[in-house]
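Below: one structure, written as structure tokens.
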Amino acid sequence: MNDFRKLPDYFITQAEALCDRLMFGIQPNIDLSRVKDDITSSKSGHSFIKYPENGLESAYLELLVHAYTAGRTGLAQDGVWKWHAVTAYLKLVSRMEEQLAGGLYTACGQTPRISELLSLEYENGPNTSYGIYAWGGYMVYVIRHHKAKRLTNREFYVVRFLPVRLGHVLFKYLVYVRRVADLLRREQLGADRSAQQCLQTRLLFQNNRRPWPTSRLTDVVTKTTLELWQQ
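So that you can map any letter, position 15 of the sequence shown is 89 in the numbering used here, and since no number is skipped, the others follow by simple counting.
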């Protein structure tokens with residue numbers, strides 16, 4: 075049991091370390107108690123990032139400038155993207171996403187179904203509701219169970235609160251890292267609009283506009299568990 079209890083801390087610690095590398099030394103002052111959200115909004119595109127009073131919609135530009143102007147350790151040189159550095163950065167983002175998913179799966183109380191976790195969206199769609207909120211000084215995620223609605227005409231909600239450390243990682247990922255990564259992927263594709271459309275998704279964990287297969291998170295958890303047992 076002690077080994078299983080190590081899983082959440084391992085995922086959070088790894089996600090923190092990867093996030094620090096991806097942030098290029100930027101350490102934003104995060105006070106989640108001051109972040110506002112409208113959990114009743116059904117407007118397409120809404121998320122806590124788009125809430126005007128939070129002033130977060132353009133925050134990612136600070137990271138973009140740092141990444142672009144960091145010289146030898148940055149993603150560009152003489153005004154031109156260093157594509158090998160961009161590719162390496164995006165691979166690091168993928169690694170962080172796996173650790174983040176592991177943390178959301180193991181560190182927030184009773185584990186959800188993997189398929190439900192992987193269906194989370196970080197902003198409203200035209201006909202879907204987002205599942206990542208800033209609420210009461212915490213980051214939370216909400217999973218909606220629609221089967222109950224057939225019987226009671228009401229949806230059943232399960233709300234999971236993130237530990238503070240994991241909440242800060244998720245906040246930085248959504249506000250800064252994710253948006254820079256999306257921009258870099260668009261830059262890689264150039265003028266190929268059909269390929270760029272594959273990047274336009276509200277899913278938190280996606281590949282080519284589709285949720286990760288459940289096997290991907292299962293493999294991450296299995297690999298990490300084996301590593302901890304062998305220590």
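All C-beta atoms, glycine included, are put in the ideal place defined by N, C-alpha and C.
Please read all numbers here as calculations on a predicted model, not as lab measurements.
N- and C-terminal bounds of the beta strand (DSSP E) containing residue i
i: arginine 239; result: Taken as a continuous stretch (DSSP letters only), arginine 239 belongs to no beta strand (DSSP E), being part of the alpha helix (DSSP H) at 238-246.
i: alanine 208; result: 206-209
8 angstroms Cβ cutoff, residue i in contact with chain D
i: phenylalanine 230; result: The chain labelled as chain D is not found in the depicted structure, where only one protein chain is given.
For residue i, the three-state DSSP class (helix, strand or coil)
i: phenylalanine 85; result: helix
i: asparagine 128; result: helix
i: tyrosine 179; result: helix
i: glutamine 173; result: helix
i: tyrosine 196; result: coil
i: glutamine 262; result: helix
i: arginine 253; result: helix
i: leucine 277; result: strand
i: arginine 218; result: strand
i: arginine 79; result: helix
Bounding residues of the alpha helix (DSSP H) (the contiguous stretch that carries residue i)
i: valine 232; result: Here valine 232 belongs to no alpha helix (DSSP H); instead the beta strand (DSSP E) covers 230-235.
i: serine 189; result: 188-191
i: arginine 290; result: 288-303
Close beta carbons around residue i, own chain, < 6 angstroms, minus the five adjacent residues each side
i: serine 115; result: none
i: valine 233; result: Val214, Val216
i: glutamate 190; result: Ile217
i: leucine 291; result: Ala175, Ile188
i: threonine 288; result: Ile188, Ser189
Own chain, CB closer than 8 angstroms to residue i, minus 5 neighbours either side, in chain order
i: tryptophan 286; result: Ala175, Leu192, Phe279, Gln280
i: glycine 306; result: Nothing can be reported for residue 306, as the shown portion of the chain is limited to 75 through 305.
i: leucine 300; result: none
i: leucine 92; result: Leu166, Arg169, Met170, Gln173
Neighbourhood of residue i by C-beta, 7 angstroms cutoff - its chain only, sequence neighbours within 5 removed
i: arginine 95; result: Leu166
i: tyrosine 231; result: Val216, Arg218
i: alanine 255; result: Leu164, Val167
i: phenylalanine 235; result: Cys182, Tyr212, Val214
i: glutamate 90; result: Arg239, Val243
i: tyrosine 142; result: Gly148, Leu149, Ala150
i: serine 107; result: Gly211
i: arginine 253; result: Tyr134
* Asked: Between the stretch 157-169 and the stretch 243-262, do three or more beta carbon pairs fall short of 8 angstroms?
  -> yes
* Taking only runs of the alpha helix (DSSP H) that begin and end inside the stretch 89-152, which ones reach a length of at least 4 residues, in chain order? -> 134-143
* Would you check if the stretch 194-213 and the stretch 141-151 touch, i.e. whether three or more CB-CB distances between them fall below 8 angstroms? => no
* Asked: Would you call the stretch 131-139 and the stretch 181-189 in contact, with 3 or more CB pairs under 8 angstroms?
  -> no
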